[in-house]
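Everything below concerns the one structure shown next.
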Amino acid sequence: MIYVTIDGPAGSGKSSVSQNLAKKLGFEHLDTGALYRAAAFLWIHSKKDLKSEEFLKMMDNTSFNLTNNSALFVNGKRLGNEIRTPEVGKVVSKLAEVPQIREIITKKTREIADNKRIVVEGRDIGTVVLPNACVKIFLTASVNERACRRYEDYKSRGVDIQFEEVVKEIKFRDEMDSTRKVAPLKPAKNAIIFSTDGLTLEQVVSELYDLIVEKVKKC
Ligand code: DC
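Going by the numbering used here, the sequence shown opens with residue -13, and the numbers climb by one from there.
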């Protein structure tokens, strides 16, 4: 097994970078943000109290599976864009603050990653979920650049939202993610901190690929 972790704030380019890196390395890929978003989606539709035993049990019994081509299935159903809406975006940080939910998602992430060569992206993967990972990367980028990326992503999917609202969402999530008590967003001590400002996706992937290949030789 070889774990490569990619952590960083919302809109830092984690998903595109992780997907492309995994493809280039011939590794599988898991986006743990999708697990939190799926949990938020289930919560919105369950109408149960977030910390209730009923909801926690429902989460614990939820199955998350990764297929060979890194598609994520929740309770046997392939996850789609229903988890990438502003509605889910607004509540997901609240859910990600709940220690019991983090515990469940951490356990499920470890089960999925077990014995694989895999790139796992999130906020606390290098620090909490897979602290013994072979390579740890922490991606950063300015708020403006991250908001531009997220705005373009919403627009390409036909979501009706103002740029200022996206900036607000990004700043709010940064604050929530980095100040929460459990597993806050921060680089692991031995992480490579990499800024994507002003770089194309191809440049980021190419530079990180070379760094990872070198590191993996020593794992
Ligand atoms: O990467 P994303 O924006 O899709 O993540 C959605 C939310 O999930 C984000 O607010 C932070 C949370 N998250 C987390 O707390 N820990 C992770 N490992 C991954 C995501």
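Each residue gets a CB set at the ideal place from its N, CA and C atoms; glycine is no exception.
Nothing here was measured: the structure is a model prediction, and the numbers come from that model.
(request) Measure the alpha-carbon distance for LYS10 versus ARG64 and round it to whole angstroms. (result) Indexing the sequence shown from 1 puts residue 10 at position 24. Indexing the sequence shown from 1 puts residue 64 at position 78. The straight-line gap from Cα to Cα measures roughly 24 Å.
(message) Just to confirm the assignment, what range does the alpha helix (DSSP H) spanning ARG143 have?
(response) Along the sequence shown, one-based indexing puts residue 143 at 157. Counting along the chain, ARG143 falls outside any alpha helix (DSSP H), and DSSP gives it neither H nor E.
(message) Using only the alpha-carbon positions, how far apart do ALA20 and LYS204 sit?
(response) In the sequence shown, the residue the question calls residue 20 occupies position 34. In the sequence shown, the residue the question calls residue 204 occupies position 218. If you take the alpha carbons of ALA20 and LYS204, they lie about 31 Å apart.
(message) Can you give me the C-alpha to C-alpha distance between SER32 and PHE41, rounded to a whole angstrom?
(response) Here residue 32 is taken as the residue at index 46 of the sequence shown, counted from 1. Here residue 41 is taken as the residue at index 55 of the sequence shown, counted from 1. Going from the Cα of SER32 to the Cα of PHE41 covers about 8 Å.
(request) Taking all protein chains shown into account, decide if PRO(-5) is buried (16 or more other Cβ within 10 angstroms of its Cβ) or exposed. (result) Translated into the one-based positions of the sequence shown, residue -5 becomes position 9. Around the Cβ of PRO(-5), a 10 Å sphere holds 16 or more other Cβ atoms; the residue is buried.
(message) Just to confirm, is the Cβ distance from ILE123 to ILE178 under 8 Å?
(response) In the sequence shown, counting from the first residue as 1, residue 123 sits at position 137. In the sequence shown, counting from the first residue as 1, residue 178 sits at position 192. With contacts defined by Cβ atoms closer than 8 Å, ILE123 and ILE178 form a contacting pair.
(request) Take the Cβ of GLY62 as the centre, count every other Cβ of all protein chains shown within 10 Å, and call the residue buried at 16 or more, exposed below. (result) In the sequence shown, residue 62 corresponds to position 76, counting from 1. So GLY62 counts as exposed.
(message) Please tell me whether SER38 has its Cβ less than 8 Å away from any Cβ of chain C.
(response) This model lacks chain C altogether; it includes just one protein chain.
(request) Tell me, to the nearest whole angstrom, how far the beta carbon of VAL121 is from that of LYS43; I am working on the premise that it is less than 8 Å. (result) Numbered from 1 along the sequence shown, position 135 holds the residue referred to as residue 121. Numbered from 1 along the sequence shown, position 57 holds the residue referred to as residue 43. At roughly 36 Å, the Cβ-Cβ gap does not stay under 8 Å, so VAL121 and LYS43 are not in contact.
(message) For a quick check, are the C-beta atoms of PHE13 and VAL105 less than 8 Å apart?
(response) Counting from 1 along the sequence shown, the entry for residue 13 is found at position 27. Counting from 1 along the sequence shown, the entry for residue 105 is found at position 119. Result yes, Cβ atoms of PHE13 and VAL105 sit closer than 8 Å.
(request) Quick one: grab the DSSP three-state call for SER79. (result) Taking the first residue of the sequence shown as position 1, residue 79 is located at position 93. Reduced to three states, the DSSP call for SER79 is helix.
(message) With a threshold of 7 Å (Cβ to nearest heavy atom), would ILE111 be considered close to ligand 1?
(response) On the sequence shown, residue 111 is found 125 positions in, with the first residue counted as 1. Checking the Cβ of ILE111 against ligand 1 gives yes.
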